[in-house]
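Reading through the structure tokens given below for one structure.
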Amino acid sequence: MKTMLMAAAGVAALVGPAHALDAAAAKALAQKNACMGCHAVDKKLVGPSYKDVAAKYKGMKPEELAASIKKGGAGKWGPVPMPAQAALGDNDAKLLAEWVLAGAPDK
Numbered sequence: 091m092k093t094m095l096m097a098a099a100g101v102a103a104l105v106g107p108a109h110a111l112d113a114a115a116a117k118a119l120a121q122k123n124a125c126m127g128c129h130a131v132d133k134k135l136v137g138p139s140y141k142d143v144a145a146k147y148k149g150m151k152p153e154e155l156a157a158s159i160k161k162g163g164a165g166k167w168g169p170v171p172m173p174a175q176a177a178l179g180d181n182d183a184k185l186l187a188e189w190v191l192a193g194a195p196d197k
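Converting from the sequence shown to my numbering requires adding 90 to each position, the first position being numbered 1.
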């Protein structure tokens, strides 16, 4: 039994802590890339609020939303298309997606 506990502790040490969302960095990235010109945290502007996106896509993998952010699209939230954000790096797109799916928290 002691050996099992030691093995589990070793695996936990190798895996490390769960990825923590850097909300401040994500919000700054959204502001820098003009996302906030069309989206707000809790109200519809040109596009849906981040809270509405989080509710609609609850359970979606961040990588899926990141791909949608980079590709852009139309018809998901009404007639106004979201322009592609193809210049956004994969890591930045994933950070934004994680933040949006979390409901765009301040912290």
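All C-beta atoms in this analysis are idealised placements derived from N, C-alpha and C, irrespective of residue type, glycine included. Values in this document were obtained by computation on a predicted structure and should not be read as measured data.
Subject >> Reference P169, options A177, K146, V136, V190, closest by Cα >> reply: Within the sequence shown, the letter at position 79 stands for residue 169. When each option's Cα is compared against that of P169, the closest is V136.
**OP:** Tell me where the alpha helix (DSSP H) around D142 begins and ends.
**Re:** For the purposes of this step, residue 142 is taken as the residue at position 52 of the sequence shown. 140-146 is the span of the alpha helix (DSSP H), which, as asked, contains D142.
Original post:
When burial is assigned at 16 or more other CB atoms within 10 Å of the CB, is D182 buried or exposed?
Top reply: Against the sequence shown, residue 182 aligns to sequence position 92. So D182 counts as buried.
Original post:
Grouping DSSP H, G and I as helix and E and B as strand, with all else coil, what is M126?
Top reply: Along the sequence shown, read from residue 1 onward, the residue named residue 126 stands at position 36. Collapsing the DSSP output to three states places M126 in a helix.
Subject >> Pair within 7 Å by beta-carbon distance, A194 and Y140 >> reply: For this step, residue 194 is matched to residue 104 along the sequence shown. For this step, residue 140 is matched to residue 50 along the sequence shown. Yes; because the gap between Cβ atoms is below 7 Å, this pair is in contact.
Original post:
If you draw a straight line from the alpha carbon of L119 to that of K184, how long is it in whole angstroms?
Top reply: Position 29 of the sequence shown, counting from 1, holds the residue named residue 119. Position 94 of the sequence shown, counting from 1, holds the residue named residue 184. Distance from the CA atom of L119 to the CA atom of K184, rounded to whole angstroms, is 11 Å.
Subject >> Extent of the continuous alpha helix (DSSP H) to which V190 belongs >> reply: If you number the sequence shown from 1, residue 190 lands on position 100. For V190, the enclosing alpha helix (DSSP H) begins and ends at 180-191.
Subject >> Nearest-angstrom Cβ-Cβ length linking A174 and G162, presumed shorter than 8 Å >> reply: Position 84 of the sequence shown, counting from 1, holds the residue named residue 174. Position 72 of the sequence shown, counting from 1, holds the residue named residue 162. Sure, about 3 Å apart at Cβ, within 8 Å.
Original post:
Can you name the residues that DSSP bridges to M172?
Top reply: Numbered from its first residue, the sequence shown carries residue 172 at position 82. In DSSP, M172 forms a bridge with G163.
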